[in-house]
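Quick note: the sequence shown uses UniProt numbering, first residue 1, plus one each step. Just below is one structure, and these are the notes that go with it.
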Amino acid sequence: MAERPEDLNLPNAVITRIIKEALPDGVNISKEARSAISRAASVFVLYATSCANNFAMKGKRKTLNASDVLSAMEEMEFQRFVTPLKEALEGGSRKARRRPQSKRRRTKTKKQTQKSKTRAGMRTMTKMKKGWKKKNRMKRKK
């Protein structure tokens, strides 16, 4: 947990961006108002998390999931936000399904593995020869 209440505030840049998107063009907001909104948002997040955690505990789980958050929103009497939130969650999961899978690591064939081992062995042998030559040169100089 955070040591100080200030540590729980959301980043000012994020709050400013959200405020600008919510207000019409040409409307300004004071620094104090921005700070108040930031604190209110932090309190809301903490409260929503606490309520969602209660639902997870009732289900004998330690991990919060989306259904816990949706239930918490209903419990906090934010029913009008539940439907848009569900739609946003479904839209996000659809995007994740459509996203192409990352390039899988190619597994090396036996032949490729043997080649790489041989090359590594040859490099080691070459280094050993160079080291041996250096030692012999040093001995000869003495």
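Note that beta-carbon positions come from the ideal geometry of N, C-alpha and C, so glycine has one too.
In the three-state DSSP reduction, Gly92 falls in the helix class (H, G or I).
With contact defined as three or more Cβ pairs closer than 8 Å, the stretch 66–86 and the stretch 39–58 are in contact.
For Ile37, the enclosing alpha helix (DSSP H) covers residues 31–58. The stretch 62–70 and the stretch 26–38 do not touch, with fewer than 3 CB-CB distances between them shorter than 8 Å. Put simply, the backbone Cα of Thr16 is about 54 Å away from that of Thr109.
Annotation for Arg61: no alpha helix (DSSP H) segment contains it, and DSSP assigns it neither H nor E.
Contact annotation, Ala56 with Leu10: C-beta distance approximately 23 Å; criterion of less than 8 Å not satisfied.
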